[in-house]
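Have a look at the structure below, then the notes.
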């Protein structure tokens with residue numbers, strides 16, 4: 023019988039990968055900061071316009087602006103924490119990156135615990151360096 027099985031794709035943390043990840047985290051933080059500035063500016067204008075109509079409308083707009091700011095601030099904090107985690111990680115660590123799928127043949131007599139171990143693809147700086155199946159390294 024053929025079954026589908028997830029395959030974990032992991033990358034080995036090298037100095038180049040670490041710097042690339044940290045740079046991407048910084049770029050995302052900067053983007054969130056820009057969004058916060060935009061929300062602040064547009065929010066002030068929207069609140070002023072709403073005040074001209076009614077105090078209740080202005081309060082609703084103010085609440086929406088605060089909610090948007092809170093969402094961005096939480097995202098910024100998450101990104102900061104992720105960046106700090108990567109900065110502290112040891113080079114050579116294997117980091118789960120994504121999951122892909124493969125098919126596996128299962129037949130009577132197979133050790134189900136080994137089938138459950140699944141497969142892993144290990145990548146270093148964009149190159150597959152190892153494939154593991156059922157907990158064993160596959161020689162290529």
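Residue numbers (our numbering): 23 to 162. Note that beta-carbon positions come from the ideal geometry of N, C-alpha and C, so glycine has one too.
Non-local beta-carbon contacts of residue 120 in its own chain, meaning distances under 6 Å to residues more than five positions away in sequence, involve 31 in chain order. Nearest to residue 125 by alpha-carbon distance, out of 140, 133 and 105, is 140. At least 8 Å separates the beta-carbon of residue 147 from that of residue 45. A Cβ-Cβ distance of about 5 Å is found for the pair residue 123 and residue 26, placing them in contact under the 8 Å criterion.
In the displayed model, residue 135 falls within a helix according to three-state DSSP. Residue 64 sits exposed, since fewer than 16 C-beta atoms from the chains shown fall within 10 Å of its C-beta. Going by beta carbons, residue 157 and residue 136 fall inside the 8 Å limit. In the structure shown, the three-state DSSP call for residue 93 is helix.
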